[in-house]
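Heads up: the sequence shown begins at 542 in the numbering used here, then just goes up one per residue.
Just so you know, even glycine gets a beta-carbon here, dropped at the ideal spot from N, CA and C.
Comments concern the structure below.
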Amino acid sequence: MVPGGRFSRQQLANNRPRGPIKEDFRRFGLAASECDFMSIDCLSAECISVTPSNCGGGSVSHSTTTIQVRAHRNQPTTATSDWNNGMNKELITERLFQLLISGERDSARKMVDEVLDLGATHEEMTTEFFWPLMEMVETLFRNDQITTIAHRYATRLLRAFVDQAQANYTQKSRRNKKVCMFCGPTEGDELSAQIVADLAEADGYEVYFAGGGVANDEILAEVGEQNPDVLLMFAAAPSDCPQIRELIDTIKEIGACGQTQFVVGGGVFNRAPGLAEEIGADLWATTPTELLARLEQEPQRRAPEDQRTVGRSRRDGRMAA
542 MVPGGRFSRQ QLANNRPRGP IKEDFRRFGL AASECDFMSI DCLSAECISV TPSNCGGGSV
602 SHSTTTIQVR AHRNQPTTAT SDWNNGMNKE LITERLFQLL ISGERDSARK MVDEVLDLGA
662 THEEMTTEFF WPLMEMVETL FRNDQITTIA HRYATRLLRA FVDQAQANYT QKSRRNKKVC
722 MFCGPTEGDE LSAQIVADLA EADGYEVYFA GGGVANDEIL AEVGEQNPDV LLMFAAAPSD
782 CPQIRELIDT IKEIGACGQT QFVVGGGVFN RAPGLAEEIG ADLWATTPTE LLARLEQEPQ
842 RRAPEDQRTV GRSRRDGRMA A
């Protein structure tokens, strides 16, 4: 690493993936036509030992550490079995991360296409890869461990992948429930929230997503007009928390939208456990998958009066006055 903990250009070049997943197997003489190249028990980008079964036998080692890989030929497989049993997700995440932060658009697209060809759905691509990669990029950038250029490369590529995935999501039956959604001000915040908005819409919700940087009075007016079932503040920045707390207080105090559930998640709420409860949120989640599950399972959950702690004395003083 260079001073400050960032990855240098040379390190990125040295660790850059050598090509799409298939190429690793071709280097060891295992053509895709000869065996099911993605039936992997364990695989590292730098340390590989291949032990083919029904592919001619033998083994090939690379580097000093032996990592076992088994390839099977002529065994009946389905897209589901390939996806669930045949893929090392950590390897794919690591390699796709390197492509993202180095801005290698074409190679990244090819890698995404290969994973989809193995049977992953577009929803799974988002929840299993794009979301974790986005969190990884944001964490490293926040800790000054990757450069601004690397962050921009990755964010823009991920946004393109998320947009493409959304167009292919399976749309479930409509729930007749409305979600008004806002987020933090940064590009990373908006990408996180967009992932949630797209998945929620595919899950049957009617979603109104305005992004970040919207003033409380405008949010309050929109909530009053839309009367949503859920007001979702996702991927908020620390500076947004006082506004979110004030917004929840105001809506509750004036008695508007009595059925609306106040939900938060992502961003600062993932980094500060307990904060969501303390500001008076009814529901919270750390990932899109968890959020959708909780929205479905706990639609009636509301924060008890004694849950709220942050700013409580000031609120009590206003109510007494």
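- Item | Enclosing alpha helix (DSSP H) for Glu-766 [first to last residue] | 757-767
- Item | Residue range of the unbroken beta strand (DSSP E) whose run includes Gly-512 | A query on residue 512 cannot be resolved here, the shown segment of the chain reaching from 542 to 862 and no further.
- Inside the segment 803-830 only - alpha helix (DSSP H) runs reaching at least 4 residues: 809-812, 816-819
- Item | Host beta strand (DSSP E) of Cys-724 (start-end) | 719-724
- Query: If Ala-695 and Val-678 are in contact, beta carbons under 8 Å, what's the gap, nearest whole angstrom?
  - Reply: 5 Å
- Query: So is Gly-796 buried or exposed if we call it buried at 16+ other beta carbons inside 10 Å?
  - Reply: exposed
- Message: Counting beta carbon pairs with one atom in the segment 783-790 and one in the segment 746-754, are three or more of them shorter than 8 Å?
- Response: no
- Span separating the alpha-carbon of Leu-681 from that of Thr-828: 18 Å
- Task: Leaving out five residues on either side along the sequence, give the residues of the same chain with a beta carbon under 6 Å from the beta carbon of Ala-826.
- Result: Gly-806, Leu-832, Arg-835
- Shortest alpha-carbon distance to Thr-689 belongs to which of Gln-712, Leu-641, Cys-798? Leu-641
- Message: Here's a check: name, in chain order, each residue in its chain whose Cβ is nearer than 7 Å to the Cβ of Glu-742, leaving out the five neighbours to either side.
- Response: Val-748
- Query: Is Glu-759 buried or exposed, if buried means 16 or more other CB atoms sit within 10 Å of its CB?
  - Reply: exposed
- How is the beta strand (DSSP E) around Phe-775 delimited, first residue to last? 771-775
- Determine, using beta carbons only, whether Val-804 and Ala-822 come nearer to each other than 8 Å. yes
- Query: With contact counted as at least three CB pairs below 8 Å, one residue from each stretch, are the segment 663-670 and the segment 695-712 in contact?
  - Reply: yes
- What's the gap between the Cα of Val-809 and the Cα of Leu-657? 32 Å
- Chain-order list of residues whose beta-carbon lies under 7 Å from that of Asn-768 (same chain, five-residue window excluded): Cys-798
- Going along the chain, which residues of its own chain have a beta-carbon closer than 8 Å to the beta-carbon of Glu-839, five neighbours each way excluded? Leu-824
- Query: Hey, would you say Glu-669 sits closer than 8 Å to Lys-630, going by beta carbons?
  - Reply: yes
- Ends of the alpha helix (DSSP H) at Gln-735? 728-743
- Give the C-beta separation of Thr-801 and Val-764 to the nearest angstrom, bearing in mind that I take them to be a contact with Cβ-Cβ under 8 Å. 7 Å
- Can you have a look at Gln-841 and say buried or exposed, based on whether 16 or more other CB atoms are within 10 angstroms of its CB? exposed
- Query: Count the other CB atoms within 10 Å of the CB of Ala-813; is the residue buried (16 or more) or exposed (fewer)?
  - Reply: exposed
- Take Lys-793 as the anchor and find which of Asp-744, Gly-644, Ala-844 has the nearest alpha-carbon. Ala-844
- Query: From which residue to which residue does the alpha helix (DSSP H) around Glu-676 run?
  - Reply: 672-683
- Would you mind stating whether Thr-727 and Ala-778 have Cβ atoms separated by less than 8 Å? yes
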